[in-house]
Amino acid sequence: MNIKKIQKQLSDFADERDWNQFHNPKNLAMALSVEASELVEIFQWLTPEQAEAIMGTDENEHVKEELADVMIYLIRLADKLNVDIEDAVTDKIVKNGEKYPVDTSKGSTTKRTTLKEKIKDLIAL
């Protein structure tokens, strides 16, 4: 996937329809939230096992469409805010690696603040 190419396609799509007047950061963020909620709705009452197996059901196209809608609005929002989303994601992965070191977070869903206390306790030993 080439994000910059997709960003250009989406920008051209909006330009051709004169939709940029509606594509301000507030509206795009709201639309992103709505589409993310539509994705969540698909999974809302499924068991974890059903959620894992969903792509083998008749809901697979629906899931793909909602994932695409989320990505479309995310890319448009990043474009409007002049955020290089590829750089932002790469930077965030690095930060998450620092926040959640393997030795203190592997196999754990513990929040970062609790991990900090865990690290302090380990250092105190």
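Residue numbering for the sequence shown is 1 to 125, as defined by my numbering.
Ideal placement from N, C-alpha and C gives every residue a C-beta, glycine not left out.
Under the three-state reduction of DSSP, residue 47 is assigned to coil, being neither helix nor strand. Scanning 92, 73, 48 and 88 for the CA closest to the CA of residue 10 turns up 73. Fewer than three beta-carbon pairs drawn from the segment 85-97 and the segment 52-64 are found closer than 8 Å, and the two stretches are therefore not classed as touching. Around the beta-carbon of residue 17, fewer than 16 other beta-carbon atoms lie within 10 Å, marking it exposed.
Taken atom to atom, the span from the alpha-carbon of residue 46 to that of residue 124 is near 44 Å. Residue state for residue 62 is assigned as helix, using DSSP reduced to three classes. Membership of residue 90 in the alpha helix (DSSP H) is indicated by the continuous run 85-99. In the DSSP assignment, residue 104 falls within the alpha helix (DSSP H) that extends over 102-105.
The alpha helix (DSSP H) runs lying completely inside the segment 15-43 and spanning 4 residues or more are 25-43, given in chain order.
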